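Input: a single structure, listed below in structure tokens.
Protein chains in written order, with our numbering: chain A, 32 to 561; chain B, 32 to 561; chain C, 32 to 561.
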């Protein structure tokens, strides 16, 4: 059972470090994530690396018995990099540049960024691959969390290559996207752009492929780093921290390349129902790669800084949420961060060691949790005893929340979570899986919004039912193929016979939260919530 | 009586076309609008035209007895055009470019766009001017519907030329715009810009002229195409589809150049009062050119895709709205579109032939309407029996909704429609006309918001009253001249003597929807609504 | 006691000017602010000045006994300037340019703007420094009112120079901003940018310094003009018009460079509590430079144009607000503007002489006020008899409203004004001062939101208490140093011992206006409002 936090010693004078290690031992810390934002300290300028300080930190931790989850430090390029290579800066759909001064200021598809990141990771991996303190690798940080998409020229060029790889010839792309609608037929991949600002609604096929591309570009960054680490001879498990149901990255696709899932989770202490959303997130982390445990890589000891109003956690609330994670399969509980910062954007973000020191409730609770975790017996290996599969699928999320639908206010996660909450209230354990993973071992499968149905999805669900499984399919399901196109022969061509229904057309009810004066029906006969 | 739809055969394999024609005959279709978004198919690259497929479609329709309203296909330039000539892309007031991937991605004043559009229309017109299937020409499509204004450098250059034409010398422009306010005095037309993003409120004269310019640039595109069609020897009526009370284009000015008015109308099925707004739109189409019938060029058979929530039409609602159009002078009822698309932004937009086929309520209602229309007797020619003129004026719309007024939340159309609805509920037929068309034939004229009064307007209204007409003038009327300047001698200089009033100053009541805690008077003694 | 208005004779034919002077005398006008937006008339093109018309206006005023507050006319550069030097245009944080067509279209740090402004002011000052009509100089106009910040390349270059001046070496800047957080460590000032659009929350030190820089750039413009005027031999007092509690400019810092404070104030006639906010603004103007009187440089006789809804002033309301200003130390009452404009953005803004002429309530009230002021006896010189100091501090304002706080919806001025209103209702006279000015002469000092405490602030407050003063400190005080960094040793290190408290951590209550369904506590035990 790992216990610890992100550790950012570069923010503090070296005199502080021994005290840090002593306090970590006091709190029962077993592992820290080190160096996540240390690029500008490790590489003060291009071609020059400074590892002395990092050597000393790692040795100090190792001597203190604290294991290291070593970061690749590529999450925030240093000012010298973006000043020298402004073409690596991302842009929004209006063409506005995201400048330095915050973090994550890189276009994931930028060749320059990838070269610089690769050089950094090579240097780090070659130096520390065999250090006995290193027990895990932490690639980058929360890929894509602030930049849900990049529309720069780097993205444009990469998107064209990605499309050429996917479709081979432009005729196939035209067919896939239905470009005869609105005179969008392309003659060459060089005519295609990311879905930048346009006069009106953009091609849904282009939008869906751009989401796939965006997820893939981030994944390519991860894979490049992973390969460098392995090439350097490192044998420790490699991960990157997920953020639960995070729309831009198709974690269900990524997860095959992670040795273990790690997840960051920040429920709102002010919302008495947020523990259910946290449980949903734990179950997603657990379901993504059920054969190995997962780690709660980041949570807060107490209050945050980035919500409009940041309430403190109630006494015991942090321990309860930690226990929830362990109960749902977590093999580690870590925080952002070890020592509260004195400056910068997150100085009001709580930490294990608060700015006000150890005479604080936060510190006492951190120490108490460390003791409790240390006292835990060996927990049983993860079991796979969920009898209910709740279908959760990133490509459906993307397609459902595209524009130009009968109901354009659909919130995919909210719909899935309504089903999840109903089951959670009844203490029913569920797995959150794509349709293709519905099969033996489940009694019931629920597919609340399976708008996009691949043939493999249909085959898995059909087989499940034929072998005695109970399948519940929600409205607006089985509408399009994997390219967001209607199939020949009408709607519900894949699951309709299985369900015994035929669909003639779609019509939206008015939203349940419509203003009182707005006419229309308020509720459907059957609601998804419990 | 025309009956039909937009027909986009390029979205379907050629095998589908004969079935289309057969089904059209089954539904009683008499005419289709063809090729509106076919540019990328007709001209796959610059200098190369492919008319073979279009020849076959037109011949097939002609053989099937379906008349053709042939589009000029200029509404959505193909990707090769915008890739080769990015300077033809429009920009918003912040300088952000509107990229391809949707439709209408052209700057109306762009010389390149006009050259390319001209070449396309020339090729189409020369080929089909004398084809017996062609009974009407459909220029472009919904001019300006997504791009209410363009601030690109193409627009900048054209705006300067337009101003030089209008004012002759820069001194006149300075006088017209009152540029001595805030040190805006120009020395040359080359110093003038479109009203792009600015630190604060922009010159109202510049804003008003930019609206005139924007309408004129779109009109110039239309006129260029019209002249090419006529030059090719075509004798069929030429139109472009209007969108009711559409702010960017002064249809009252445009209409002299259209052989007949055609109008697109999409009332919200969920709004029980939307039939009144639809009636308003019919009456506007009818009033714009009362000497000829108009055509309902686009409506939906059932649900749409672009509202936040798109309810289906109730059974019979489509027929009722169609009958409303015919009752208010329409000589044709058409839909967007014939066959529901399988892909693209409007695949959920209903059509005559739904994706689910002919076993659908939508198809049955389309067939039933076709039968009903075919059974209609010859209708009487349009009569001009309205006794009430309700003044509706685009330049007033633009001026009233400019900034820096006593009341800055005025919605011009909402005010006019409140008067319209009061009359509609009382079954009073009204014409919607500019003030200059108020004259003999009316008993009553209502000018609810005649903020901007031209001398010709004042003369027409004065003459109307002097000859016994009853004139009702609403508040915030007779305030400025046609350049949005106060006239010498105070307010109400044109209609004040007629009305027996003098206006000392303006003061706004608080909005009627102000929050309960906000002080101020909630209602004026006399409200415009009935 | 000055009485008058902005006078913009360039908007009117010369025949109007003698009538203007006659009417001014009728209204009791003693002084007008002249030429604020006359740049394009004074300098029709680069290198060419036209002072003839201005000579005639000034002579005419002088002959009529009307004194002149002469403007430097730099507030709105003429079109020729921005057309020739587009690099002087400001940009927003997204890189979008602010174009001409409004006013204030200049980047304050632009070398070209400063050169052109300097040449203009030199010409004006040299010509009129000794003219007997000139009794005051009006530099620019409402510095920064529409452009709260500029992110252009001119700003970028100036910001780097400003930072190099402030910090000397880049190591000091890194320490000040805590750039080891998120890998922001700079190697040189040339890598620093203004806080332009970024992926996420920006460095708080960078933000705070950018606010200081923005205020300083505006101040540098003022100082340049002031020096030119003095260098020309002018001896009249020099001012620039403030706008009360205006966030972008630290008036408490500026005021040492003004001979007298002048203030523009536009309370909303529709808000029955706006007279309290007006009183707050009067007291701020009075407190900024208590040793000299201040002038109400702009108010409205009646309605405005720029609020969503612009109500007229009630009869007598203008006189009451004028009396309020005089009662709180004003030595003059002026309006924007003398004669209501016929065109331009502010034609609906009321003036002393309305568009409808002298047969208006507005004119009668303006005349009556002039008579009342003329009948006033000599008023006593300003006394300093406030017993209560309410701490108001621009850098605190900036720091408190930065992002990433426990409560991110804090409105600094609203909090201060709640305290002010409670005292105002009880008829308690207060001074609004920075903490460093709290001292002898006050019985009570209130520091509602002293988040940022400089050592000099702490020293002043400590000394005040030690000498018997009563100090009331509100929540979220004494949190950071002047660089927005936590101090060593926890929170409340400066005032904690004085107050007898220790602060362990911060937690936000939910906003009091949270929706009913949102959980959390609604009120703190002690509210700041009275």
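Ideal Cβ positions, reconstructed from N, Cα and C, are used throughout, including at glycine.
It should be emphasised that the depicted structure is a prediction, and the values quoted were computed from it without experimental measurement.
Three-state class that DSSP yields for residue i in the structure shown
| i | result |
| --- | --- |
| residue 328 of chain A | strand |
| residue 82 of chain A | coil |
| residue 253 of chain C | helix |
| residue 234 of chain C | coil |
| residue 514 of chain C | coil |
| residue 433 of chain A | coil |
| residue 261 of chain A | helix |
| residue 288 of chain B | helix |
| residue 495 of chain A | helix |
| residue 307 of chain A | helix |
| residue 389 of chain A | coil |
Chain-ordered neighbours of residue i on chain A, where CB pairs are closer than 8 Å
| i | result |
| --- | --- |
| residue 534 of chain C | 387 |
| residue 329 of chain B | What residue 329 of chain B touches in chain A: nothing, since even the nearest Cβ is about 15 Å away. |
Among the options, nearest to residue i - alpha-carbon criterion
| i | options | result |
| --- | --- | --- |
| residue 98 of chain B | B/353, B/283, B/267, B/361 | B/267 |
| residue 137 of chain C | C/85, C/58, C/109 | C/109 |
| residue 94 of chain A | A/164, A/85, A/35, A/101 | A/164 |
| residue 55 of chain A | A/401, A/74, A/312, A/278 | A/401 |
| residue 533 of chain B | B/540, B/525, B/539 | B/525 |
| residue 479 of chain C | C/233, C/423, C/461 | C/423 |
| residue 514 of chain A | B/482, B/370, B/459, B/375 | B/375 |
| residue 387 of chain B | B/323, B/371, B/66, B/241 | B/371 |
| residue 539 of chain B | C/199, C/320, C/337 | C/337 |
Span of the beta strand (DSSP E) around residue i
| i | result |
| --- | --- |
| residue 531 of chain C | That residue, residue 531 of chain C, is in no beta strand (DSSP E); it is neither H nor E in DSSP. |
| residue 62 of chain C | 62 to 65 |
Delimiting residues of the alpha helix (DSSP H) encompassing residue i
| i | result |
| --- | --- |
| residue 180 of chain B | Segment: none, residue 180 of chain B is in no alpha helix (DSSP H) and carries neither H nor E. |
| residue 168 of chain B | That residue, residue 168 of chain B, is in no alpha helix (DSSP H); its beta strand (DSSP E) goes 165 to 169. |
Contact set between residue i and chain B, taken where Cβ atoms lie within less than 9 Å
| i | result |
| --- | --- |
| residue 235 of chain A | 374, 375, 376, 378 |
| residue 450 of chain A | Those do not exist, as residue 450 of chain A stays about 22 Å from chain B at its closest Cβ, beyond 9 Å. |
| residue 522 of chain A | 386, 387 |
Per-residue contacts from residue i into chain C (C-beta, under 7 Å)
| i | result |
| --- | --- |
| residue 217 of chain B | 110 |
| residue 214 of chain A | Under the 7 Å cutoff, chain C gives no residues; its nearest Cβ is about 30 Å from residue 214 of chain A. |
Chain-ordered chain A contacts of residue i [CB-CB under 9 Å]
| i | result |
| --- | --- |
| residue 178 of chain B | 230, 231 |
| residue 438 of chain C | 339, 340, 341 |
C-beta contact flag for residue i and residue j at 9 Å
| i | j | result |
| --- | --- | --- |
| residue 134 of chain B | residue 156 of chain B | no |
| residue 228 of chain C | residue 125 of chain C | yes |
| residue 34 of chain B | residue 64 of chain B | no |
| residue 313 of chain A | residue 327 of chain A | yes |
| residue 278 of chain C | residue 450 of chain C | no |
| residue 318 of chain B | residue 280 of chain B | no |
| residue 469 of chain C | residue 512 of chain C | no |
Chain C contact residues for residue i, given Cβ-Cβ distances below 8 Å
| i | result |
| --- | --- |
| residue 132 of chain A | 215, 224, 226, 227, 229, 233, 234, 237 |
| residue 126 of chain B | 127, 128 |
| residue 72 of chain A | 211, 214, 216 |
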